[in-house]
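End of the sequence shown sits at 441 in my numbering; the numbers just go up one at a time, nothing left out. The C-beta atom is built at its ideal place from N, Cα and C for all residues, glycine as well. Since the model is a prediction, treat every value here as computed from it, not as a measurement. Beneath this line is the structure, given in structure tokens, with notes to follow.
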Amino acid sequence: MKFGGTSVADLDRIRNVAKRVKAEYDKGNEVAVVVSAMSGVTNQLVAYCQDAGELYDTREYDTIVSTGEQVTVGLLSIVLQGMGVNARSWLGWQLPFRTDNSHGNAQIKEINTSEIEERFKEGQVAVMAGFQGVSPNNRIATLGRGGSDTSAVALAAAMNADRCDIYTDVDGVYTTDPRITPKARKIDRITYEEMLELASVGAKVLQTRSVSMAMRYNTRLQVLSSFEDKPGTLVCGEDEVMEENIVTGIAYSRDEAKITLRGISDNPGIASSIFGAMGDAAINVDMIVQTLSEENRSTDMSFTVGRADLKRAVNALEAIRSKINCDAIESDATVAKVSVVGVGMRSHAGVAQRMFATLADKGINIQLISTSEIKVSVLIAEEYLELAVRSLHTAYGLDNEEAA
Ligand code: ADP
Ligand code: ASP
Ligand code: MG
38 MKFGGTSVAD LDRIRNVAKR VKAEYDKGNE VAVVVSAMSG VTNQLVAYCQ DAGELYDTRE
98 YDTIVSTGEQ VTVGLLSIVL QGMGVNARSW LGWQLPFRTD NSHGNAQIKE INTSEIEERF
158 KEGQVAVMAG FQGVSPNNRI ATLGRGGSDT SAVALAAAMN ADRCDIYTDV DGVYTTDPRI
218 TPKARKIDRI TYEEMLELAS VGAKVLQTRS VSMAMRYNTR LQVLSSFEDK PGTLVCGEDE
278 VMEENIVTGI AYSRDEAKIT LRGISDNPGI ASSIFGAMGD AAINVDMIVQ TLSEENRSTD
338 MSFTVGRADL KRAVNALEAI RSKINCDAIE SDATVAKVSV VGVGMRSHAG VAQRMFATLA
398 DKGINIQLIS TSEIKVSVLI AEEYLELAVR SLHTAYGLDN EEAA
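Structure below.
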């Protein structure tokens, strides 16, 4: 059972979580619980780091931002004990939960569950801090924002759990973020593949890596409400999903910035220099478009990076400016990405065209486009984001008319 930030936002909510844990425990289940920090706490800790020094040491960042979870595991354990449940807290290093050295965005390498399994025999509930592990240098490492989902799935996979239930502030995965449109519809079952694509293009209800891990280990993953008793969404293999919609959902990301390089040389090796510089600076590049050049002389190139990386990306490009022969480096941090996802796209034509027509109808200009087998993404001005999501939701027939 994993409980996110809003589910443990204060002591009353932690008591509510404890009741749910006790209910599973009373059914005779062996239970491991993974919790996040209280909502807002991790953001505050990140802000402290940024305030302390612009180019902070990511090992110290991890030491700081992992502390929110230390508080909630302790509190939940005390509350459970008060209800007569034998429970204890575990921090990442205590299992241990081993990661690689990529501080701030570490990958899980190995989890030792033997202690927890021993304690299960004594009827003890394990209350595990999400988001954290220990690196090869014996330092605390965190798994990237939203990483408690990945902690939970990893623990479930390592223990061969019957289920991994992710409790959150919505009662399942919806056709789009229910905060953007009340017409969003709850999805009963979604394939790992579609959930992976939705998460990777911005649906933050599950961290992307948690979904790829569940897919790899065939973990039965459910998203449920921690406040209401109703069925949630099952994330499962394609064989368990009966109906196949052409479009499953619409996701968006505001964490986008666009860089345009004007008049760069149109020679072999230029793209390699540009994206080599991004790679050296550990900056992820997402959408890329290069315009056709005239008479093989010069060309323009646009691509997107995360907003937090924009400054560093531009600095890295300035450093190679003469090498790529660039007339101008332009940047824009007021863009957003909207994506339409569905496995049905493999077998149906016209999905992208409907997207373009819908946006055109609303007068929304498309700046960049990228596609995969089951996804079409466009970059637009951020001010039109909500309008775009709602219009596309309607255009693909996803609206829940009862909620309208
Ligand atoms: P937690 O703190 O429990 O991990 P998150 O805030 O990380 O919760 O994720 C839950 C939020 O994800 C919801 O409140 C909702 O606004 C957002 N969300 C985005 N896309 C979707 C979607 N397609 N379905 C459900 N929720 C979504
Ligand atoms: N507390 C961490 C965060 O806010 C991890 C999580 O909530 O999943 O990113
Ligand atoms: Mg989350």
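N- and C-terminal bounds of the beta strand (DSSP E) containing E293
As a position in the sequence shown, residue 293 is number 256, starting the count at 1. From DSSP, the beta strand (DSSP E) with E293 extends over G286 to S302.
In whole angstroms, give me the CA-to-CA distance for T336 and R299.
Numbered from its first residue, the sequence shown carries residue 336 at position 299. Numbered from its first residue, the sequence shown carries residue 299 at position 262. Spanning the alpha carbons of T336 and R299 requires a straight line of approximately 7 angstroms.
Please say whether N149 and L128 have beta carbons closer to each other than 8 angstroms?
Residue numbering aside, residue 128 sits at position 91 when the sequence shown is read from its first letter. Residue numbering aside, residue 149 sits at position 112 when the sequence shown is read from its first letter. No; because the gap between Cβ atoms is not below 8 angstroms, this pair is not in contact.
How many angstroms separate the CA atom of V207 from the CA atom of S262?
Taking the sequence shown and counting its residues from 1, one reaches residue 207 at position 170. Taking the sequence shown and counting its residues from 1, one reaches residue 262 at position 225. Roughly 5 angstroms between the two C-alpha positions.
Mind checking whether the beta-carbon of T150 lies closer than 7 angstroms to any heavy atom of the ligand ASP?
The residue you call residue 150 lines up with position 113 of the sequence shown. For T150, the Cβ stays outside the 7 angstroms cut-off from all heavy atoms of the ligand ASP.
Which residue or residues does DSSP assign as beta-bridge partners of Q169?
Numbered from its first residue, the sequence shown carries residue 169 at position 132. For Q169, which the question treats as bridged, DSSP gives the partners T179.
Taking DSSP as the reference, what is the three-state secondary structure of I101?
As a working note, residue 101 is residue 64 in the sequence shown. Helix at I101.
Between the Cα of A143 and those of S103, E91 and T341, spot the shortest distance and give me the residue it belongs to.
In the sequence shown, the residue the question calls residue 143 occupies position 106. Answer by Cα proximity: S103.
Nearest-angstrom beta carbon gap, K295 and V377 [assumed within contact, 8 angstroms]:
Numbered from its first residue, the sequence shown carries residue 377 at position 340. Numbered from its first residue, the sequence shown carries residue 295 at position 258. Contact between V377 and K295 does not hold, since the beta-carbon distance rounds to 20 angstroms and is not under 8 angstroms.
Best match in L422, T270, E293 and T205 for proximity to Y229 [C-alpha to C-alpha]:
Within the sequence shown, numbered from 1, the residue matching residue 229 stands at position 192. Cα-wise, what sits closest to Y229 is T270.
DSSP on L435, reduced to helix/strand/coil?
What you label residue 435 is simply residue 398 of the sequence shown in a count that begins at 1. It is coil, neither helix nor strand.
Determine the direct distance from the alpha carbon of A193 to that of M315, and round the result to whole angstroms.
Working through the sequence shown from its first residue, we reach residue 315 at position 278. Working through the sequence shown from its first residue, we reach residue 193 at position 156. Inter-residue distance for M315 and A193 is about 35 angstroms (C-alpha atoms, whole angstroms).
Can we say the region 236-250 touches the region 276-284, given the rule of at least three CB pairs closer than 8 angstroms?
Counting Cβ pairs under 8 angstroms, fewer than three are found: no touch.
Comparing alpha-carbon positions, which option in A370, K360, V388 and C363 lies nearest R344?
Within the sequence shown, numbered from 1, the residue matching residue 344 stands at position 307. A check of alpha carbon separations from R344 across A370, K360, V388 and C363 identifies A370 as the nearest.
Distance check for D398 and K66, CA to CA, integer angstroms please.
Your numbering for residue 66 matches position 29 in the sequence shown. Your numbering for residue 398 matches position 361 in the sequence shown. The residue asked about is misnamed: residue 66 is Asn in this sequence, not Lys. Approximately 54 angstroms, taken between the alpha carbons.
Span separating the alpha-carbon of V71 from that of D94
Counted from its first residue, the sequence shown places residue 71 at position 34. Counted from its first residue, the sequence shown places residue 94 at position 57. Cα atoms of V71 and D94: separation of roughly 27 angstroms, rounded to the nearest angstrom.
In three-state terms, what does DSSP make of V242?
Looking up residue 242 in the sequence shown gives position 205. Assignment of V242 by DSSP, reduced to helix, strand and coil, places it in the coil class.
Close beta carbons around L180, own chain, < 6 angstroms, minus the five adjacent residues each side:
Residue 180 sits at position 143 when you count from the first residue of the sequence shown. Closer than 6 angstroms at Cβ, skipping near neighbours: A143, F168 and T187.
Exposed or buried, which one is S290 when buried takes at least 16 other CB atoms within 10 Å?
Position 253 of the sequence shown holds residue 290. Counting the other Cβ atoms within 10 Å of the Cβ of S290 gives 16 or more, which makes it buried.
Closest to R52 by CA distance: which of H385, L117, A198 and S249 is it?
For this step, residue 52 is matched to residue 15 along the sequence shown. Looking from the CA of R52, the closest CA among H385, L117, A198 and S249 belongs to L117.
Do the CB positions of V455 and V326 come within less than 8 angstroms of each other?
The structure shown has nothing for residue 455, since the chain only spans 38 to 441.
Determine, using beta carbons only, whether I361 and S302 come nearer to each other than 8 angstroms.
Working through the sequence shown from its first residue, we reach residue 361 at position 324. Working through the sequence shown from its first residue, we reach residue 302 at position 265. Note that the C-beta distance between I361 and S302 is below 8 angstroms.
Would you kindly report the start and end of the unbroken alpha helix (DSSP H) that includes I51?
Here residue 51 corresponds to residue number 14 of the sequence shown, with the count starting at 1. Where I51 is concerned, the enclosing alpha helix (DSSP H) stretches over L48 to D63.
Among residues of its own chain, excluding the 5 on either side of I177, which ones have a beta-carbon nearer than 7 angstroms to its beta-carbon?
Start at 1 with the first residue of the sequence shown, and residue 177 comes out as number 140. Within the same chain, Cβ atoms closer than 7 angstroms to the Cβ of I177 are found at D99, T100, S103, G129, W130, Q169 and V171, the five residues on either side in sequence being excluded.
So, with DSSP's three-state summary, where would you put F340?
Start at 1 with the first residue of the sequence shown, and residue 340 comes out as number 303. Three-state result, F340: strand.
Just how far apart, CA to CA, sit D214 and G119?
Sequence index remark: in the sequence shown, residue 214 carries index 177 (1-based). Sequence index remark: in the sequence shown, residue 119 carries index 82 (1-based). Taking the straight line from one Cα to the other gives about 37 angstroms.
Quick check: the Cα distance between R135 and V272, rounded to an integer number of angstroms?
Position 98 of the sequence shown holds residue 135. Position 235 of the sequence shown holds residue 272. Rounded to the nearest angstrom, the two C-alpha atoms are 26 angstroms apart.
Run the Cβ filter for me: residues under 5 angstroms from any heavy atom of the ligand MG, listed in the order they occur in the chain.
Those residues, listed in chain order, are G41 and G183.
Can you round the beta-carbon distance between A69 and A191 to whole angstroms, since I take them to be within the 8 angstroms contact cut?
Within the sequence shown, the letter at position 32 stands for residue 69. Within the sequence shown, the letter at position 154 stands for residue 191. Not quite, the Cβ-Cβ distance comes to about 11 angstroms (not below 8 angstroms), so this is no contact.
Taking only the alpha-carbon atoms, compute the straight-line gap between T431 and S247 and give it to the nearest angstrom.
Stepping through the sequence shown from its first residue, residue 431 is reached at position 394. Stepping through the sequence shown from its first residue, residue 247 is reached at position 210. Rounded to whole angstroms, T431 and S247 show a C-alpha spacing of 29 angstroms.
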